[in-house]
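A short worksheet on the structure shown next.
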Amino acid sequence: MRCDEMFRRILFPTDFSKQSEAILRGLHEFKKYGVDEVVLANIIEHDVVALIEGGVDVDEFIQKLKKEAEKKLSQSASVLNRGGFKVKLTPPIPSANPVDEIVKTAREEDVSLILLGSRSRGFKGSLMGSVSEGVVREAKKPVLVLKTKPDAGEGYYEMVFRRLFDRIIYPHDLSEISQKIEDFVKEASLLGGKEVIIVHVVAADDVVDKEVGKEEVIHPLVPIPNLTEMLSKHWMRARTYLGNIKKNFEIAGIKARVILRVGSPHKEILKIANEEGGSVVMISSKGLTPNVDSVVRYSEVPVIVYHSIS
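Using this note's numbering, the first residue of the sequence shown is number 179, and each one after it goes up by one.
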């Protein structure tokens, strides 16, 4: 896939909050990444039981919310049209399960990317955690999770989007699944600053399990013989393997580095992203599970979770 075709059509579920509107107005920066069309969606989350218990006419209440949402979606579309985008408006969707509706819309509209603000106050605040993480787990499309800031204006999001692919953090656990997104990372880097930092983090326990086997560990408190030697062998294999990936990036004209660490994968990945001034973390949805959820939840920089089709 050509660089300018990677993100041709994106889905942006909006809740019309101040932060969603600021993100919307910063989306014009995506034009340089080849985005041609934005699909706008609004999920009207509601609790039918609570409404009925409160004596509310549910149908009338939902219809009122749908009309308000349709008006706001049209206003959002006008902003995007002025930015040069085509816009597809999906009908506001009443639902008790935003995750399912977002994933379904992404599939039906065949979008290239789903953009989610992770601290939006919409969906009763659930986008802060469960919705964004749920979409990351269930979607078959790449998902960009953006950590919003309460007082940030459109200028902040313009800056984030402008440098989105300037310095990519690429976590790799030496698995085939992590390897599958190499081309995705490469093409994204060519859209930006052409710099990639390949990160490999391993927990000492994982190395022991692979090299020794759990059945051979005498007791958790008993030192493992030759642990340093085992870690050294792992580092040598990792350096060789990731060194070849580094060369592939360099052949494509991309500046690349490899960073190796021992520790908790998600904590070290996020620490490196902050230390190195990473502009985005690009990670496979499966290779580093369950660390993906933690990276999405705690990262202060944008995270793109890629779903490889096996």
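Virtual Cβ for every residue (Gly too), placed ideally from N, Cα, C.
Alpha helix (DSSP H) segment containing residue i, residue limits
| i | result |
| --- | --- |
| Q333 | Residue identity check: residue 333 is Gly in the sequence provided, not Gln. It spans E332 to R340 - the alpha helix (DSSP H) in which G333 sits, taken as one unbroken run. |
| P525 | Summary: the structure shown does not reach residue 525, with the chain confined to residues 179 through 488, and so no result is reported for it. |
| L368 | E360 to L368 |
| Y476 | N469 to Y476 |
| E278 | Looking at the sequence shown, residue 278 is not Glu but Asp. It spans P276 to E287 - the alpha helix (DSSP H) in which D278 sits, taken as one unbroken run. |
| G312 | S308 to E316 |
| E207 | Unbroken run through E207: none, as it is neither H nor E. |
Alpha-carbon to alpha-carbon, residue j and residue i
| i | j | result |
| --- | --- | --- |
| V459 | I280 | 22 Å |
| D193 | S273 | 13 Å |
| K425 | G371 | 17 Å |
| L201 | Y419 | The question names Leu, yet the displayed sequence has Ile at residue 201. Cα-Cα distance, rounded: 38 Å. |
| E373 | G431 | 9 Å |
| S198 | Y335 | 10 Å |
| E246 | P443 | 44 Å |
| L369 | V380 | 30 Å |
| V314 | Y348 | 17 Å |
| V289 | P269 | 16 Å |
| F263 | W413 | 47 Å |
| H485 | K318 | 6 Å |
| L448 | V470 | 11 Å |
| S410 | K358 | 26 Å |
| F343 | S367 | 6 Å |
| F339 | K325 | 12 Å |
| S356 | K464 | 8 Å |
| A330 | T406 | 47 Å |
| I375 | R415 | 18 Å |
Spatial neighbours of residue i in its chain, beta-carbon cut-off 6 Å, leaving aside the 5 residues before and after
| i | result |
| --- | --- |
| M184 | E365 |
| G261 | H206 |
| K266 | V217 |
| V323 | L294, S296, S310, V474 and V481 |
| R187 | E215, V289 and S290 |
| G204 | E332, Y335, E336 and F339 |
| S163 | Because the chain spans 179 through 488 in this model, residue 163 falls outside it and cannot be assessed. |
| Y211 | F185 and L369 |
Residues that DSSP places opposite residue i in a beta bridge
| i | result |
| --- | --- |
| Y484 | S462 |
| A219 | P191 |
| I347 | I375 and V459 |
| A434 | V374 |
| V321 | I292 and V483 |
| V440 | V380 |
Beta strand (DSSP E) segment containing residue i, residue limits
| i | result |
| --- | --- |
| S273 | I271 to S273 |
| K266 | K264 to L267 |
Beta-carbon contacts of residue i that lie in its chain and below 7 Å, excluding the five residues immediately before and after
| i | result |
| --- | --- |
| D254 | Position check: residue 254 holds Ser in this sequence, whereas Asp was assumed. Cβ within range, chain order: T192, L202 and L218. |
| V479 | A451, G456, S457, V458 and V459 |
| S472 | H444 |
| K250 | F194 |
| G312 | V277 |
| E248 | P270 |
Whole-number beta carbon distance between residue j and residue i, since they are thought to touch under 8 Å
| i | j | result |
| --- | --- | --- |
| R439 | E428 | Not confirmed; about 22 Å, so no contact. |
| D351 | H378 | 7 Å |
Own chain partners of residue i with C-beta closer than 8 Å, once the 5 adjacent residues on each side are dropped
| i | result |
| --- | --- |
| R417 | V436 and L438 |
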